[in-house]
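This report concerns only the one structure given below.
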Amino acid sequence: MKLATWNVNSLTVRLPQVLDWLQANPVDVLALQELKMTDDKFPMAALAQAGYHAQCFGQKTYNGVALLSRTPAQDVVKNIPGFDDDMARVISASFAVAPSPAKPDMSSVRVIGAYFPNGQEPGSDKFDYKMAWLEGLRSWIRTELQTYPQLVLKDQIHCTDEERYHLQALIALGLHDAHRLFEQPPKSYSWWDYRDFGFKRNRGLRIDHILVSHALKPRVSACWIDKTPRKNERPSDHAPVVVDITEL
DNA sequence: ATGCCTCAGCTCCTGAGA
C-alpha cells in the first residue's frame, strides 16, 4: 500500500499536475493540502475518471484538505473533534487493507491528512492559534492511536523551539517519521521557496512529514520525496512525499 | 533590509504562505 501527501498550493492551478502525478504514481491514498477552494469547486469528476475516490474539506482562499483513494474512504472525520476551528485543516478516514489471517483485527489503516498552521511569527495571534491547534491535535491523536493502532499522519510544520517541542511531543505519543526510517540523500527537502531560485539552489525545508504508528513501522519498506513535480511549469512550492507499506 | 515568488480575491494592490 502506497500513501502520499502533497501540498498543492491551489488545486485549481495544480489539478493537471495532480492527475499526471497519479498516473505516474498510482498510490493508494494521496492526502492533499492547500486546496484553496470550496467543496462545490472540487474536481470530483476528473478524479473519478482517473480512478480515485475523494473526500474533501474545502475553504475559500486558504487551507482546504482532501483524501484521494483507490478504495472508498470509511469513517471520515473533518478537523479535530473537540477543537473549535473555523479553518479547514484536517481530514481523516480509514482505508481497507488486504486481510491477513495472522492479524484479522488489522483490516484497515487510519490516515490523518493535516495542514499544520504556519504560525507566521512568535508572539503573533497566528502563532498563539498554532500552539492551541497543536495542543488540540496532540490530545486528539493520543486517543486516536488507541482507537486506530495502524495510523498514518501527514503533516507540515516549522522550526522554533516551541514548534520543535510540539513535533517531538506528537512523535512521543508513539509515531515515527517515515523519512528517518531509511538512509536518505543529504539535504532532503519537501519545500523550496519560490523566491531566489530556492529549488535550483536546493535551499529548502523538510516540512511535509509522514508519521506512522508503532504497528505500521515494521511494515514501512520505503519513504521518498518526489522532486519531479517541482520541476514542472508552475509547480507547487511543495513536493509529494510517499511511503510504501508492505502487507503482512 | 522582511523583499525577492505565487496564489486568491471586494483584483492593478493586499494578505498569506514558509
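First residue of the first sequence: 55, per our numbering; consecutive thereafter.
Backbone N, C-alpha and C fix where the C-beta goes; we use that ideal spot for every residue, glycine too.
| Query | Result |
| --- | --- |
| Reduced DSSP category for F137 - H, G, I as helix; E, B as strand; rest coil | coil |
| Alpha-carbon spacing of E198 relative to K254, whole angstroms | 40 Å |
| Delimiting residues of the beta strand (DSSP E) encompassing T59 | 56-61 |
| In DSSP terms, what D262 is bridged to | Q210 |
| Environment of Y116 [buried if 16+ CB atoms lie within 10 Å] | exposed |
| Under the three-state DSSP convention, the category L229 falls into | strand |
| Proximity of V151 and V165 at Cβ, strictly below 8 Å | no |
| Local Cβ density within 10 Å of V67, reported as buried at 16 or more and exposed below that | exposed |
| Contact check, P294 vs D280, beta carbons under 8 Å | yes |
| For H220, three-class secondary structure by DSSP | helix |
| Local Cβ density within 10 Å of Q222, reported as buried at 16 or more and exposed below that | exposed |
| Alpha-carbon to alpha-carbon, V119 and C110 | 6 Å |
| Paired residues, beta bridge with L306 - DSSP | Outside the displayed span of the chain (55 to 302) sits residue 306, for which this structure offers no information. |
| Which residues DSSP lists as bridging R164, in chain order | S148, L205 |
| Uninterrupted beta strand (DSSP E) stretches inside the segment 265-300 (no shorter than 3 residues) | 274-279, 295-299 |
| Assigned secondary structure, L121 (DSSP; H/G/I helix, E/B strand, else coil) | strand |
| Contacts around R196, its chain only, beta-carbon distance under 8 Å, and the 5 residues preceding and following it disregarded | L227 |
| Beta-carbon proximity check, V72 vs V296, cutoff 8 Å | no |
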